Amino acid sequence: MSARLPQVGGIYIQMEDELASMNAVLGASWAGVKAMTSTSGPGFSLMMENLGLGVMLETPCVLVNIQRAGPSTGLPTLVGQQDMMQARWGSHGSYEIIALVPISPQDIFDLTITAFDLSEKYRVPVLIMSDEVVGHMSEKVVIPHVAPESLVNRRRPEVAPEEYLPYKTDMGLVPPMAVAGEGYRFHVTGLTHDERGYPVMTADAQDRLIRRLVDKIRLNRDDIIRYKETQVEDADIIVCAYGITTRIAQFAVKLARDEGIRAGLLQLITVWPFPEERVRELSLQAGAFVVPEINYGQIVLEVERCAGGKARTMLVPHMGGGVHLPETILEAIREAAR
Numbered sequence: 008m009s010a011r012l013p014q015v016g017g018i019y020i021q022m023e024d025e026l027a028s029m030n031a032v033l034g035a036s037w038a039g040v041k042a043m044t045s046t047s048g049p050g051f052s053l054m055m056e057n058l059g060l061g062v063m064l065e066t067p068c069v070l071v072n073i074q075r076a077g078p079s080t081g082l083p084t085l086v087g088q089q090d091m092m093q094a095r096w097g098s099h100g101s102y103e104i105i106a107l108v109p110i111s112p113q114d115i116f117d118l119t120i121t122a123f124d125l126s127e128k129y130r131v132p133v134l135i136m137s138d139e140v141v142g143h144m145s146e147k148v149v150i151p152h153v154a155p156e157s158l159v160n161r162r163r164p165e166v167a168p169e170e171y172l173p174y175k176t177d178m179g180l181v182p183p184m185a186v187a188g189e190g191y192r193f194h195v196t197g198l199t200h201d202e203r204g205y206p207v208m209t210a211d212a213q214d215r216l217i218r219r220l221v222d223k224i225r226l227n228r229d230d231i232i233r234y235k236e237t238q239v240e241d242a243d244i245i246v247c248a249y250g251i252t253t254r255i256a257q258f259a260v261k262l263a264r265d266e267g268i269r270a271g272l273l274q275l276i277t278v279w280p281f282p283e284e285r286v287r288e289l290s291l292q293a294g295a296f297v298v299p300e301i302n303y304g305q306i307v308l309e310v311e312r313c314a315g316g317k318a319r320t321m322l323v324p325h326m327g328g329g330v331h332l333p334e335t336i337l338e339a340i341r342e343a344a345r
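Take a look at the structure:
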């Protein structure tokens with residue numbers, strides 16, 4: 008089944024078959040609408056094949072994953088943050104993805120608009136990696152009027168239909184995208200293809216195509232990456248958190264400050280691409296990073312990689328089904344400060 012998205016003129020698609028749901032999203036996008044779907048961990052796994060297809064076809068769309076505790080069906084209605092690495096590496100092959108992480112219902116609304124804007128600008132599926140607690144949370148959400156002219160829309164071809172090449176980049180790294188049924192003829196395939204969209208089974212064609220798919224994200228990191236910082240200016244210990252764990256970490260940082268420990272908070276909004284430049288800068292200042300996650304260590308590995316041994320990195324794990332206590336994070340901050 009599907010439903011119209013209010014104000015933005017798109018389609019939300021939810022079906023019993025996750026593979027078919029992702030297919031329908033890709034088709035709806037090529038028909039010219041803004042399309043999205045949602046799932047949780049097991050459905051996210053089933054959508055990975057067609058997520059890769061969306062990357063290869065450069066199809067703007069949004070996929071929301073309300074993470075719960077796994078593997079397999081795990082704890083079907085209880086919280087987890089266990090799909091973060093799957094978001095980056097879940098589909099096979101070389102590619103880049105954009106993934107955003109909300110911490111509140113208001114965040115989910117606002118970041119969904121951001122996700123659509125980024126997907127349209129860079130012609131790539133964008134992921135919203137929420138967690139069950141935020142997904143079931145009841146809070147006030149302010150829904151502003153959305154002026155159509157304020158929304159980002161995919162660039163359309165400016166050449167005549169007979170001159171259109173669906174994957175030719177006349178400016179930048181993102182090709183204009185035609186709409187099915189408006190007179191433009193094009194071929195789309197998951198195979199390695201040329202500017203016409205036709206399969207070309209050579210190493211040279213693969214090199215040109217995949218480099219562009221990766222570079223259109225990597226070379227625009229400054230435009231894509233978002234994060235928030237609290238009291239990091241003088242921080243000796245930096246808590247790096249995302250999702251619902253951020254809200255708990257905020258309280259733990261306050262408790263640490265009350266004890267005289269100079270702690271700060273780095274909230275990851277964009278997890279992929281990872282804000283490695285900022286983590287690297289902070290590693291020159293701070294003595295340690297504390298990374299609370301509702302898993303057994305995923306994003307902490309990225310923090311550790313970017314810190315490069317210049318700052319200690321401490322994982323505060325939780326296996327899911329519940330969330331950290333502020334005191335648990337505070338104890339890790341105390342240990343890091345010793």
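Using our numbering, the first residue of the sequence shown is number 8, and each one after it goes up by one.
Where is the CB? At the ideal position from N, CA and C, for every residue including glycine.
If you're wondering where the values come from, they're calculated on a predicted model, not measured in any experiment.
Beta carbon of residue i, beta carbon of residue j: below 9 Å?
i      : j      : result
GLU103 : LYS223 : yes
PHE116 : VAL159 : no
ALA106 : LEU134 : yes
ALA314 : ARG287 : yes
HIS99  : GLY39  : no
PRO183 : ARG161 : yes
VAL108 : TYR205 : no
GLY327 : GLN89  : yes
VAL86  : ALA76  : yes
VAL239 : GLY271 : yes
ASP114 : GLN74  : no
MET136 : MET91  : yes
VAL140 : ILE276 : no
ASP231 : LEU125 : Note that residue 231 is Ile in the sequence shown, not Asp. Cβ distance < 9 Å, so ILE231 and LEU125 count as in contact.
LYS128 : VAL181 : yes
TYR191 : PRO155 : no
Measuring alpha carbon to alpha carbon, tell me which residue in the options is nearest residue i.
i      : options                        : result
VAL246 : ASN72, ARG319, CYS68, VAL330   : ARG319
TRP279 : THR80, VAL86, SER28, TRP96     : TRP96
ALA293 : PRO112, ILE244, LEU262, ILE73  : ILE244
GLY81  : SER47, ASP114, LEU58           : SER47
GLN305 : HIS325, LEU291, LYS317, LEU216 : HIS325
PRO83  : THR119, GLY50, ASP114          : GLY50
LEU291 : ASP241, VAL323, THR121         : ASP241
ALA343 : LEU308, ASN302, VAL298         : VAL298
PRO67  : TRP37, GLU56, ASN57            : TRP37
LEU289 : ASN302, ILE301, LEU273         : LEU273
SER111 : ILE217, LEU220, ARG254         : ARG254
ASP265 : LEU337, ASP211, ARG218         : LEU337
GLU302 : VAL323, ARG285, GLY316         : According to the sequence displayed, residue 302 carries Asn and not Glu. Taking only the C-alpha atoms, the option nearest ASN302 is VAL323.
Determine the direct distance from the alpha carbon of residue j to that of residue i, and round the result to whole angstroms.
i      : j      : result
ALA295 : MET321 : 7 Å
VAL62  : ALA256 : 34 Å
PHE193 : ALA31  : 18 Å
VAL71  : SER45  : 4 Å
VAL310 : ILE150 : 34 Å
ALA94  : ASP177 : 30 Å
TYR174 : HIS200 : 9 Å
PHE281 : ARG312 : 11 Å
ALA259 : GLN213 : 48 Å
THR121 : VAL153 : 12 Å
ARG1   : ARG219 : Residue 1 falls outside the range modelled here, since the chain spans only 8 to 345, and no answer is possible.
GLY34  : LEU26  : 13 Å
VAL166 : PRO333 : 58 Å
GLU300 : ASP24  : 30 Å
HIS331 : PRO78  : 20 Å
TYR171 : GLU283 : 38 Å
GLY17  : MET43  : 8 Å
In terms of DSSP beta bridges, what is residue i paired with?
i      : result
HIS200 : PRO206
GLU300 : PRO324
ALA212 : DSSP, once it has assigned bridges, lists no residue as partnering ALA212.
SER45  : VAL71
PRO132 : CYS68
GLY271 : ILE245
ALA314 : Looking at the DSSP assignment, ALA314 forms no beta bridge with any residue, so it has no partner.
Three-state secondary structure (DSSP) at residue i?
i      : result
GLU309 : helix
GLU236 : strand
THR277 : strand
PRO83  : strand
ILE336 : helix
SER137 : strand
LEU180 : coil
ALA94  : helix
ARG225 : helix
ALA106 : strand
ALA295 : strand
ARG319 : strand
ALA187 : coil
Going by the C-beta, is residue i closer than 8 Å to any heavy atom of the ligand FAD?
i      : result
ARG161 : Only the bare structure without any ligand can be found here, which leaves the ligand FAD out of the picture.
Would a check of beta-carbon distances place residue i closer than 9 Å to chain D?
i     : result
CYS68 : No chain D appears in this structure, which consists of one protein chain only.
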